[in-house]
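First comes the structure, then the notes that go with it.
Protein chains: 2
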Amino acid sequence: MSFQSFDDPAGGGDHAARLTALRAKMRDQHLAAFIVPRADAHQGEYVADADARLAWLTGFTGSAGFAIVTQDRAAVFIDGRYRVQVRAQIDLRHFTPVPWPETRPSEWLREVLPQGGRVGFDPWLHTRKEISTMEAALAEHSIALIAVETNPVDAVWPDRPAPPVGAARIHDEALAGESAAQKRSRLAAELKAAGQAAAFLSLPDSISWLLNIRGSDLPKNPVVQAFAVLSDNGDLSLFADPAKFDDSLRAHLGNQVSILPPESLSAALTDLEGPVRLDPGSAPEAAFRILEDAGTNVVPGPDPAVLPKARKNAAEMAGMRAAHHRDGLAMVRLLAWLDGQEPAALTEIDVVRHLEDLRREAGILDISFDTIMGAGPNGAIVHYRVTEATNRHLAEGDLLLIDSGGQYADGTTDITRTVALGQARADAIAPFTAVLRGMIALSRARFPKGVAGAHLDALARQFLWAEGMDFDHGTGHGVGAALCVHEGPVRISRVSDMALEAGMILSNEPGYYREGSFGIRIENLVAVTEAEAEPGRRMLGFETLTLCPIDRRLIDLHALSRDERDWIDNYHARVRDALLPDLQGAERDWLTAATAPLT
Amino acid sequence: MSFQSFDDPAGGGDHAARLTALRAKMRDQHLAAFIVPRADAHQGEYVADADARLAWLTGFTGSAGFAIVTQDRAAVFIDGRYRVQVRAQIDLRHFTPVPWPETRPSEWLREVLPQGGRVGFDPWLHTRKEISTMEAALAEHSIALIAVETNPVDAVWPDRPAPPVGAARIHDEALAGESAAQKRSRLAAELKAAGQAAAFLSLPDSISWLLNIRGSDLPKNPVVQAFAVLSDNGDLSLFADPAKFDDSLRAHLGNQVSILPPESLSAALTDLEGPVRLDPGSAPEAAFRILEDAGTNVVPGPDPAVLPKARKNAAEMAGMRAAHHRDGLAMVRLLAWLDGQEPAALTEIDVVRHLEDLRREAGILDISFDTIMGAGPNGAIVHYRVTEATNRHLAEGDLLLIDSGGQYADGTTDITRTVALGQARADAIAPFTAVLRGMIALSRARFPKGVAGAHLDALARQFLWAEGMDFDHGTGHGVGAALCVHEGPVRISRVSDMALEAGMILSNEPGYYREGSFGIRIENLVAVTEAEAEPGRRMLGFETLTLCPIDRRLIDLHALSRDERDWIDNYHARVRDALLPDLQGAERDWLTAATAPLT
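Top line first, the protein sequences correspond to chains S and C. Counting in this note's numbering, the first sequence runs from 485 upward without gaps. Counting in this note's numbering, the second sequence runs from 485 upward without gaps.
Written as structure tokens, this is what we have:
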């Protein structure tokens, strides 16, 4: 079975009947409205089938959004990425798409419930920050936000799947670079120093990182779905289905870690001694309320694993480099193969399948996200995922945008290359070169400590901006080490003002999209490293991890500075030196040609 | 009399006796501590002699800082710029410098008053934001912040000067581009739309802008010190000494504006109907308390004049361009003259005086700040102001950093040029070129609407960063149109996240400072303009206002890209075309040579 499916994401089911059942249940619960988020209790990018409430109710399968249902309305709030998809997936006779964040849920509620009323929400599925924001916006209206005991969607979902019980596995200490016991005691010491008795963790990647374990509960993200309470003495209670852990796992976790059934979490929180740290940005509102109702001192603060996890150590960095070596070979093999094919004989799905096969040979455990393989105009759809319905034949002269990655035992990859199919189209050369120059400017950047992604974002966009062009997505996101391909807390984006630190790994992926014609994105992963500076200053820079040639057919040499040409030549030399020993025959020849100095 | 004085700023006076008198008064008022800020009630950069409480008490004359006095301690909090100056000015037997913001006043108070106590402050001299921040930091300690009725410093200051009564003048509507009545009704309509009955204004430049008046209460800033209440019908109460306004001024202000004595402000606020908008970042805490005590609905919000004032209209822009034309001529005459002198025959003060004379000929009403004229190592002192004591002879081979500006009737200027005295020193070429490239990158930047100074700052620093270098001041500040040379609300700085808008004028002034050797800064003023963009996008760019050559002796041509050389050549051609018709003889020859294309 392949990791990626090409089915149309629209699920079946009688959504009108489900809506009717939900409304009846809401009447029982005296709720004028109920909020159905896409999120689960762990606020991750992927949710288990048991948590796919939004899709079950509405048919909408996007990765972000929520519905608000009243007795006579059912609004599906979606952001700019999903304006088209939502209309194809929901039954417009029963559901109404609402643009978000342009329309805020509080505004919508005030309009729909002018007399006020009780608005229900499941406190496990929303963070404290979300609920506080909405409460503040509704403060002067007679609308009350009610945390329900029983989620009315679950109550009317007869064949709701069981939560996943994916087997957990040990993440080798050689890859982690630090034992789980050391991590626990390091974080526990921090809690103690802050005068906090415990911290509550709800992010599966934080918990998986902390315990040096990986899981199989969800596709693409190798995490164990769990909650945890870390005490200031290093003891940890792990709330997760015990069936996920075999004897070797239990031995690995050791006797400072207790595995407890998820059903016992509420009682355990009630009994907890404070002060307890919870992250308002990720912990469920329910956890805050249980502690507050028990009179426990709650300290809002960041999940203690988030920053340590983001700062990769030498072993994690070595694993990431090794994974990128194998992943680069798979990509080079794909691009070499592609150049030998007749474009018209291939579809997007054919290329996705071939890439997945090559990555399987390279040892992936999973792909790190569904491959975006956009030929011609499909490349201009930023979050395009090919389905049987949209599958397009490649064509001579088109651009092909390939954004993909793998989950390896030792690392996570995410790479985008945009290649010309045959002769490059003339109108793509200037924007490709502007995107490339931005990617190079960020790659070469050196900057003082304290600088955040918000301050570097313009470096990657400046050459596009100079031509009146831009792109409407972030320039870079954090990446986990054999963890989630989208990892907090820092990004390269105008909204990310947390300082970058040595060891953080980010994507560097400017792009350009011309609707109806082509899409361009060039993406390498980069690691933040210490850099040389004048006495009295401390500077950081980037090391590029990704190893794969950039299509020279699309580069306007005359637009490049000497430094930019040198960067490309040096990068290509590095790619060649790293990968050539592992290639033979035509692949070897292809790489040699693809990485020759620019002339 | 010259606008700039070269006296040592350390004022005389028996500071120990003043401290003793203050402490006695504090005992009468049952205050364990009292805070003496540098600010006056208008939070401006300059304070009148009557408001120079910090200097009177401590001897410290810097433009930022504050003292906290207890019965046995007297701490003077100063930022990084004033670490050296403060030690030269205060009597270290009685006063202790405290580094700020490294040590926060709340921390210091908690340490010095472990048992708690009453800490007094004058609510007219602190903003609501300042007081709220300090109150939050002291919340869990038994320290109470007490707003005093009588400032104990004023009570023990027998010969305290009277407040200034500088004559106001009319700012011509032809220069303002909009009548004062139109401005008042435009802002009043905004208040009405927001459901606010009035706004309280305390910033002299906001009030001067709104009423199309200028003043002479303070040096360098041509504002009228006043408070104002703007009603939602456009009526305005102006609280300022009536002696500042002659009959022509009164006729200009018209019968919708009432001039009231400052003493009547408190009573007028008490009688005000709400809701009233006040700016927590600039309005005095006292104004908030008076309104709140009267039960009036207070709405925190920005001073309604700040953004309209920052967005210069066509007439203001024309005035700024005209002022920069005259100011450019003065600068060119200075630089031409300087190149004809024997450096060793001149001191820094000689050059300051000659520049001021040239600007007087160009028609200034004042300088816009004390000229920074730093020769050799003095150039590396970022906020250097030459005094008789520090005055240095120029020397062949030194760099001379000249940061200066003028207040003209039609505009405000601020320009920095760094020039080589004779042959340029070799070690200055690379940093000068890196600074210049950053200045050019920002000048040439095009960027989408929504981008803020925080996002552009790196463009000006990138070439320095690439060499491990940086500078420790902002890249740019807002500039008023015939108003304050430092004007809010936007800056080019990592901390400025408010979007730039067309019409805003900012400085563009990267630098580099090598302690003990030289300082480099190159500064032009730039105006934000609309720029071309692809369909569906809206972009902005910059127009450079400053007209003065950049010293070609300090430029490493080989480090410049084609675009950068073109920028310099085009800029120099523009300067030459603009100024050459107004020059004769040697000055004409000098400008022709200084603006010739780079080769």
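Note that CB positions come from ideal geometry on N, CA and C, so glycine has one too. Computed from a predicted structure; not experimentally measured.
Neighbour flag for residue i against chain S, beta carbons, 8 Å
i, result
"histidine 625/C", "no"
"serine 616/C", "no"
"serine 766/C", "no"
"glycine 952/C", "yes"
"proline 1045/C", "The residue you asked about is not proline; residue 1045/C is serine in the sequence shown. Yes, serine 1045/C lies at the interface with chain S (some Cβ there is under 8 Å from its Cβ)."
"alanine 1017/C", "yes"
"leucine 943/C", "yes"
"arginine 511/C", "no"
"arginine 978/C", "yes"
"arginine 843/C", "no"
"arginine 668/C", "no"
Separation of residue j from residue i, as counted between CA atoms
i, j, result
"aspartate 755/C", "phenylalanine 518/C", "30 Å"
"alanine 1080/C", "glutamate 1071/C", "14 Å"
"glycine 600/C", "glycine 496/C", "35 Å"
"arginine 882/S", "valine 707/S", "Reading the sequence as shown, one finds aspartate at residue 882/S and not arginine. Taking the straight line joining both Cα atoms gives about 38 Å."
"serine 888/S", "aspartate 689/S", "20 Å"
"valine 596/S", "phenylalanine 544/S", "22 Å"
"arginine 869/C", "cysteine 968/C", "19 Å"
"tryptophan 592/S", "threonine 554/S", "11 Å"
"valine 1059/S", "proline 1065/S", "11 Å"
"serine 980/C", "glycine 937/C", "5 Å"
"isoleucine 913/C", "isoleucine 1039/C", "6 Å"
"glutamine 825/S", "glycine 549/S", "40 Å"
"isoleucine 552/C", "alanine 631/C", "14 Å"
"aspartate 563/C", "arginine 668/S", "40 Å"
"serine 626/S", "valine 782/S", "28 Å"
"leucine 762/S", "phenylalanine 772/S", "7 Å"
"glycine 906/S", "aspartate 823/S", "8 Å"
"arginine 1022/C", "glutamate 951/S", "12 Å"
"isoleucine 743/C", "serine 692/C", "14 Å"
CB-CB length for residue i against residue j, believed under 8 Å
i, j, result
"glycine 895/S", "glycine 803/S", "5 Å"
"threonine 871/C", "aspartate 491/C", "6 Å"
"arginine 901/S", "isoleucine 833/S", "Not confirmed; about 18 Å, so no contact."
is_contact[residue i, chain C] using C-beta, thresh 8 Å
i, result
"arginine 537/S", "no"
"alanine 516/S", "no"
"glutamine 946/S", "yes"
"tryptophan 949/S", "yes"
"arginine 567/S", "no"
"arginine 1021/S", "yes"
Contact set for residue i: own chain, Cβ-Cβ below 8 Å, skip 5 residues either direction
i, result
"alanine 665/C", "Gly718, Gly738 and Gln740"
"arginine 577/S", "Ala500"
Chain-order list of residues whose beta-carbon lies under 7 Å from that of residue i (same chain, five-residue window excluded)
i, result
"threonine 611/C", "Gln527, Pro764, Gly765, Ser766, Ala767, Pro768 and Glu769"
"alanine 534/C", "Arg644, Pro645, Ala646 and Pro647"
"glutamate 840/C", "Ser486, Phe487, Gln488 and Ile851"
"glutamate 971/C", "Asp689, Ala794, Gly962, Val963 and Gly964"
Spatial neighbours of residue i in its chain, beta-carbon cut-off 6 Å, leaving aside the 5 residues before and after
i, result
"threonine 831/S", "Asn875 and His877"
"alanine 983/C", "Gly934 and Ala936"
"alanine 778/S", "Thr754"
"alanine 652/C", "Ile697, Gly699, Val708, Lys728, Phe729 and Leu733"
### Message
For the structure I just gave you, are there three or more beta carbon pairs, one from the stretch 680-690 of chain S and one from the stretch 634-651 of chain S, closer than 8 Å?
### Response
No: the two stretches stay apart, fewer than three of their Cβ pairs being nearer than 8 Å.
### Touching by the beta-carbon criterion (3+ pairs, under 8 Å), the stretch 912-931 of chain S and the stretch 750-768 of chain S
In this structure the stretch 912-931 of chain S does not lie against the stretch 750-768 of chain S, because fewer than three pairs of beta carbons, one per stretch, are closer than 8 Å.
### Message
Does the contact criterion of 3 or more C-beta pairs under 8 Å hold for the stretch 1005-1019 of chain C versus the stretch 984-993 of chain C?
### Response
Three or more pairs of CB atoms, one per stretch, sit closer than 8 Å, so the stretch 1005-1019 of chain C contacts the stretch 984-993 of chain C.
### Task
Return the residues of the stretch 926-941 of chain S that lie within a Cβ-Cβ distance of less than 9 Å from chain D, sorted by chain order.
Protein chains in the displayed structure are S and C, and chain D is not among them.
### Query
Using 8 Å as the threshold, is the stretch 1030-1043 of chain S in touch with the stretch 1055-1070 of chain S, meaning 3 or more CB pairs across them?
Touching, yes.
### Task
Evaluate contact between the stretch 696-705 of chain C and the stretch 728-737 of chain C, counting only Cβ atoms and requiring at least three cross-stretch pairs below 8 Å.
The stretch 696-705 of chain C vs the stretch 728-737 of chain C: in contact.
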